[in-house]
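Notes for the one structure printed next.
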Amino acid sequence: MSIAGPRYDLSRNEVPRSTDSLLKPLVSAASQMYKYPDTGYLEGLLADLHHVTPAQVLVGAGSTRLLQLLFNTARLKRVGRLFAAQPGFEAYTYLARQAGLQVCPVPQMAEAPTAAAALATVPKGGALLLANPNNPTGVLWELEELACLTQELPQDTLLIVDDAYIEFAPVGYAGAAADLLDNRPGVLRLRTFSKAHGLAGLRVGYAYGDAALLQQMRGLDVPYAVDRLARAVASHVVMQERGQAEERAREVRQLRDTLLVCLRDRDLCVPSSHGNFLWLPADVLPADPLNQALLRHGVLARRFDDGVRVTIGSDPANAAVLQAVDECRAARDTRGV
Ligand SMILES: Cc1ncc(COP(=O)(O)O)c(C=O)c1O
Numbered sequence: 002m003s004i005a006g007p008r009y010d011l012s013r014n015e016v017p018r019s020t021d022s023l024l025k026p027l028v029s030a031a032s033q034m035y036k037y038p039d040t041g042y043l044e045g046l047l048a049d050l051h052h053v054t055p056a057q058v059l060v061g062a063g064s065t066r067l068l069q070l071l072f073n074t075a076r077l078k079r080v081g082r083l084f085a086a087q088p089g090f091e092a093y094t095y096l097a098r099q100a101g102l103q104v105c106p107v108p109q110m111a112e113a114p115t116a117a118a119a120l121a122t123v124p125k126g127g128a129l130l131l132a133n134p135n136n137p138t139g140v141l142w143e144l145e146e147l148a149c150l151t152q153e154l155p156q157d158t159l160l161i162v163d164d165a166y167i168e169f170a171p172v173g174y175a176g177a178a179a180d181l182l183d184n185r186p187g188v189l190r191l192r193t194f195s196k197a198h199g200l201a202g203l204r205v206g207y208a209y210g211d212a213a214l215l216q217q218m219r220g221l222d223v224p225y226a227v228d229r230l231a232r233a234v235a236s237h238v239v240m241q242e243r244g245q246a247e248e249r250a251r252e253v254r255q256l257r258d259t260l261l262v263c264l265r266d267r268d269l270c271v272p273s274s275h276g277n278f279l280w281l282p283a284d285v286l287p288a289d290p291l292n293q294a295l296l297r298h299g300v301l302a303r304r305f306d307d308g309v310r311v312t313i314g315s316d317p318a319n320a321a322v323l324q325a326v327d328e329c330r331a332a333r334d335t336r337g338v
């Protein structure tokens, strides 16, 4: 089989969507491009959404930019180390390195996070970063464990929760997590418009929570870092398209769970995922041969040291993933591995 290049890019956890419905707010903002962005409006909408004050919200050029600001705050520099799941989002490691921070793993946090493990690992006054759901494993904190963590974590220990994929968690989870996490001192949450909202190309995200920490982050940012177009479209989405993001997340959950069942029907112990991706650990299928088979079937996935992460795509993309998996299993069975 000869294939010119990957037909399906399932490497970046994007949600395929048409952004045509956003042309109106985009064009209307574009007619005012001679003006600097209006700051404050989007922040106000987000503050209302999360029942916090505008001072507890910071909008940034993607949550990656907010992570960079956060890692460079005096508060984080003083701590020097950041505790997180391993494997985790790759940007944590390189942004931490840029900022002179060390990322230290919390045992089992990527597979089965427990408050006990986190509390035993993170020193008092330190910083714990959890992606919930975790990228790349798709693991979500049980609400009981999250409750225990928030109750037991010392007040001076920082809890950073990266909610990039929270919309793909079961219905009701985000609200329950908000009851546990929001408006607590020392808690900072990060959100993005890149995933369920389908605006990865626009670069908008936000952080909300601990006002003192946000103030330090603000002090490191440049003025007007998020442009007028991005602000206008994000504001429109918050006001009018949240239902569409929920609908899109529901579709993705369905496609994800269907693909998961198909993989498990093949006797592969693929872990459940709460993100818009599945994690195929190397002990389920060896990562290199799987990645090669995916490429032969036109699928670009993300290869990690200990597995392969595949974003949930359209039906044909997911069918191509299954074909690649079948090819990989057949080769493995022939070798008798
Ligand atoms: C866990 C996690 N956090 C944050 C981000 C960054 O998102 P953004 O596009 O807002 O920078 C990603 C992107 O893949 C991610 O996986």
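The working numbering puts the first residue of the sequence shown at 2, with every later residue one more than the last.
Each residue gets a CB set at the ideal place from its N, CA and C atoms; glycine is no exception.
Beta-carbon gap between residue i and residue j smaller than 8 Å
i	j	result
E361	P108	Summary: the structure shown does not reach residue 361, with the chain confined to residues 2 through 338, and so no result is reported for it.
L159	G187	yes
L23	H237	yes
T151	L182	yes
Y404	H51	Nothing can be reported for residue 404, as the shown portion of the chain is limited to 2 through 338.
G283	G308	According to the sequence shown, residue 283 is Ala rather than Gly. Contact: yes.
N277	R304	no
L291	L281	yes
A235	L43	yes
R267	V326	yes
A170	L141	yes
A62	A226	yes
A212	Q57	yes
G89	N136	yes
L27	Y207	no
Y9	G314	yes
A97	T65	no
Local conformation of residue i per DSSP, three classes
i	result
I167	helix
A325	helix
P106	strand
V338	Caution applies to V338, whose pLDDT of 49 falls short of 50 and renders its modelled position unreliable; the value that the coordinates give is listed next. In this structure, V338 counts as coil in the three-state DSSP scheme.
V162	strand
E15	coil
F72	helix
L43	helix
T193	strand
R297	helix
V28	helix
A113	coil
T20	coil
L286	coil
N308	Note that residue 308 is Gly in the sequence shown, not Asn. It is a strand residue.
A121	helix
A208	strand
G61	strand
R8	coil
V172	coil
R303	strand
A85	strand
V80	helix
A100	coil
A56	helix
A92	helix
A201	coil
Residue closest to residue i, alpha-carbon to alpha-carbon, out of the options
i	options	result
L77	C329, Y93, L102, R204	L102
P17	L68, L200, F90, D266	L200
E168	D157, P106, K196, R185	K196
L230	D39, F278, Y9, E15	D39
S32	A294, N184, Q293, A233	A233
P317	V271, E153, T259	T259
H198	D10, S12, P7, S19	S19
A148	P171, A119, D157, L295	A119
L191	Q216, R204, V162, A178	V162
R219	V326, Y37, L264, A75	A75
Y95	M110, N73, E112	N73
V239	S12, D164, V262, V205	V205
P124	Q99, D157, L68, M110	D157
P343	R185, V172, N133	The requested residue 343 does not occur in the structure, where the chain is confined to residues 2 to 338.
L296	R265, V262, D49, C329	C329
P55	A179, G6, A331, G41	G41
T193	A177, R265, A331, L67	L67
V104	N14, A116, A117, V80	V80
M34	T122, A178, D228	D228
Q216	V172, L59, D334	L59
Q241	G176, A177, K25, L189	K25
A246	A111, S12, V172, D49	V172
G6	T335, R333, Q293	Q293
Self-check item: Three-pair Cβ contact test at 8 Å for the region 83-93 versus the region 126-137
Solution: yes
Quiz item: With contact counted as at least three CB pairs below 8 Å, one residue from each stretch, are the region 234-254 and the region 285-292 in contact?
Solution: no
Quiz item: Would you call the region 297-308 and the region 319-329 in contact, with 3 or more CB pairs under 8 Å?
Solution: yes
Quiz prompt | Those runs of the alpha helix (DSSP H) which lie wholly inside the region 214-282 and span at least 4 residues | solution = The alpha helix (DSSP H) runs of length 4 or more contained entirely in the region 214-282 are, from start to end of the chain, 229-241, 243-266.
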